[in-house]
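The next block holds one structure in the form of structure tokens; read it before the comments.
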Amino acid sequence: MIHARSRERYQQVLTQLNIQGLAIIDSLSIEFASGFNVITGETGAGKSILIKALGFLLGSKASAETVRHGRQQATVTGIFEVPSAHPCAAVLTEHGIDYETADGHFAILVRRSVNNKGRSVAWINDVPVTVGVLRELSQSLIDVFGQHDNLRLLDAVEHTACLDQFLRDRSLPQTYVDQYRLVQRQLAHLLDTVDGFRSKQREADYLEFRCSELQAFAPSREDYLAIQELCLRADQTMVLAKSLEEAQLCLDQGAGGEALSSPLWEANKALARVSHISGDLAALTELTQALAQQIDDLSFHIGKATSGLELSEDDIESAQMRLAGYQELFRKLAVDSIDGLLGEHERLAAQLSFLESAASDITKILRELERSLARLVELAARLTKARQDAKSLVKKRIESELHDLAMPGARIDVVFEAVEKSIATADVSLFGEEAEVIWSRLAVTLSGLSDHGAEKAQLLLAANPGEPLLPLQKIASGGEISRIMLALKRALAAGADTCILVFDEIDTGISGRVAAVVGRKMQELSKAFQVICISHLAQVAAYADSHFLVHKLSREKRTESTISKLSSRASEEELARLLSGDEVTQSSIANARALVKKARELAH
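Under this note's numbering, the residue at position 141 of the sequence shown is numbered 134, and the numbers go up by one with no gaps.
This is the structure in structure tokens:
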């Protein structure tokens, strides 16, 4: 029996599941109850599609192929009733999803769609979320356990994960994983640094030459802009000087080769001699004088402007050579601007500095890795001890469950195999003897640690008295694997955060009396958890609090699945069909009623 939880504390349930346009399901709605829910139906009717729909709802991979032919999209909606103190509340809060609490509970509405292009979208309480958030929520909300999970039990890595759920400190494995990831990041940084050094070392001579050239030239934005301006002024000065020279020449060498003002001055003198005779002549005399004076002033100002344009030929030549030097560096370094040149100078200088300081940098990285690895080794040792301490509890609980599941002589043991793995080689010989010594020490330690610790656990089984303990994949039949899996789920249930358990034909490979025991165990689980089970066995379904039947219908040349909740009478008829095949007789119905009666007696 499971005593760790009470129904008062855990009333979390999946109350409703709606499916639209998924595979052979056109439109389907199920209202689940608390307790033990069983789903039965003919092979191919679509029972397992319900589990796939639930998996899709909670973050499994979406595919355009799952959309029903003729539909634009498939949509699955689930409504969960959750106690206010449940860990999933923290997930909602973390991602800014509002929820309202009433009577110590709150509802979670999860909806996800995938269109016929394979693009999926999801919402929680009408807030758009990523698939990652769905998966995070599902970890604390529901535990789906399918037929293929039986095969996962044959993988020793799964055994370690199962064992860790029996640890007193359940946070220890995650603490170890976090530290392991830190060590792996530091190791990756070390390897990248070593590789970077080796690739740059081949360019060392080039880097040193180019950096020396740049350092000697000393480029700067201010210098480049000043040189550009000076060269531009020099070009403009030449154009202006030529034009001013032509203008000056016109004024100084007019008609007849004399200054343009000379005839005006001669005219002025002539008029001045007779200006006293007539007032009009006096005005003309003043006009010729003014015109001659203006021409002389113009000549003076043009000459002054010409002298103001003068630049030192040495300065111009120096600036032009400096600008040519910049342009040559642009060409060599394949840049087209002063900013590009300065950036490339900085990059080359950083690479050269990296090479010059590599030995001390590598040693520093190794020291940091060594400190982190020491912490990881400490956590690994604690994890190893915790697993050793949990071993006897694991054996006791699983063996007890197996004995109840008609394997009275079954024995379980847990053995540990030390991790031995190869690691990437870091050739630190170029960085000095100290770096080599540190790395050789770290490499040995790293090869003995994996993401799950310093060892991996393996479950051994002796199904019958007198048989040796052997790995599950060597001896366990399909029925035994199903029972071991159920035993594990029951043994682990007391410490689980999830309290909705979904089983997809976990009763594969068993029948008769063993099936009845499995049904009773499921019923016992349902006293602390909502259990949803797809089954093909009447002995299991007889223990259900709620019985659902999946039908496959064909109409208008289309096949679709529907589901209905069975009344007590209809449930008996379905149990009779499971017992005797398609032909339901009074005898098979009587047998079904007897199964239900016995199940109720044992359940209470």
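The beta-carbon is built from N, C-alpha and C at its ideal position, and this holds for glycine as well.
Taking buried to mean at least 16 other C-beta atoms within 10 Å of its own C-beta, is residue i buried or exposed?
i, result
"A587", "exposed"
"A428", "buried"
"T578", "exposed"
"A373", "buried"
"F496", "buried"
"Q320", "exposed"
"E361", "exposed"
"L218", "exposed"
"D188", "exposed"
"Q532", "buried"
"M(-6)", "Here M(-6) scores only 36 on pLDDT, less than 50, and its place in the model should not be relied on; the value that follows carries that caveat. By the neighbour-count rule (16 or more Cβ atoms within 10 Å), M(-6) is not buried but exposed."
"V126", "buried"
"A83", "exposed"
"G34", "buried"
"M314", "exposed"
"E239", "exposed"
"V524", "buried"
"P458", "exposed"
"T123", "exposed"
"A285", "buried"
"S106", "buried"
"T36", "exposed"
"F159", "buried"
What is the DSSP secondary structure of residue i, counted as helix, strand or coil?
i, result
"S560", "coil"
"R(-2)", "Low local confidence applies: a pLDDT of 38 at R(-2) is under 50, so the model's placement there is unreliable, with the coordinate-based value given in what follows. The answer is coil: DSSP assigns R(-2) none of H, G, I, E or B."
"T33", "strand"
"K449", "strand"
"Q158", "coil"
"S131", "helix"
"E196", "coil"
"Y3", "Caution applies to Y3, whose pLDDT of 45 falls short of 50 and renders its modelled position unreliable; the value that the coordinates give is listed next. Coil at Y3, not helix or strand."
"T281", "helix"
"V114", "strand"
"T555", "strand"
"F496", "strand"
"V103", "strand"
"R404", "strand"
"E429", "helix"
"G459", "coil"
"I474", "helix"
"L341", "helix"
"S346", "helix"
"L454", "strand"
"E413", "coil"
"I18", "strand"
"P166", "helix"
"D444", "coil"
"D332", "helix"
"S268", "coil"
"E251", "coil"
"T578", "coil"
DSSP has residue i in a bridge; who is on the other side?
i, result
"N108", "Q66"
"D273", "For D273, which the question treats as bridged, DSSP gives no partner whatsoever."
"E24", "Q9"
"V122", "A115"
"P256", "None; P256 has no bridge partner."
"P464", "L453"
"D216", "Its beta-bridge partners do not exist; DSSP assigns none."
"D136", "L494"
Start-end ranges of the alpha helix (DSSP H) lying completely within the segment 501 to 552, minimum 4 residues
Scanning the segment 501 to 552 for uninterrupted alpha helix (DSSP H) segments of 4 residues or longer gives 505 to 518, 531 to 534, listed from N- to C-terminal end.
Report the residue ranges of all alpha helix (DSSP H) runs contained in full by the segment 53 to 100; include only those spanning at least 4 residues, in chain order.
Correct list: 81 to 87.
Quick check: the segment 405 to 414 against the segment 444 to 454, are at least 3 beta-carbon pairs closer than 8 Å?
Yes, the segment 444 to 454 touches the segment 405 to 414.
Give a yes or no on contact between the segment 122 to 139 and the segment 332 to 346, applying the rule of three or more CB pairs nearer than 8 Å.
The segment 122 to 139 vs the segment 332 to 346: no contact.
Cβ pair count under 8 Å reaching 3, the segment 432 to 450 against the segment 411 to 421
With the cut-off at 8 Å, the segment 432 to 450 and the segment 411 to 421 touch.
Given 8 Å as the limit, is there contact between the segment 280 to 288 and the segment 255 to 268, that is, 3 or more CB pairs closer than that?
Yes: at least three Cβ pairs fall under 8 Å.
Inter-stretch contact (C-beta, 8 Å, three-pair minimum) for the segment 38 to 51 and the segment 5 to 14:
Yes, since at least three Cβ pairs between the segment 38 to 51 and the segment 5 to 14 fall closer than 8 Å, the two stretches touch.
How do the segment 555 to 575 and the segment 59 to 75 stand: do at least 3 beta-carbon pairs fall below 8 Å, yes or no?
Touching, no, given that fewer than three Cβ pairs across the two stretches are closer than 8 Å.
So, do the segment 501 to 521 and the segment 536 to 549 have three or more beta carbon pairs nearer to each other than 8 Å?
As far as the Cβ criterion goes, the segment 501 to 521 touches the segment 536 to 549, which means the pair count is three or higher.
Taking three-plus beta-carbon pairs below 8 Å as touching, is the segment 560 to 580 in contact with the segment 499 to 512?
No, the segment 560 to 580 is not in contact with the segment 499 to 512.
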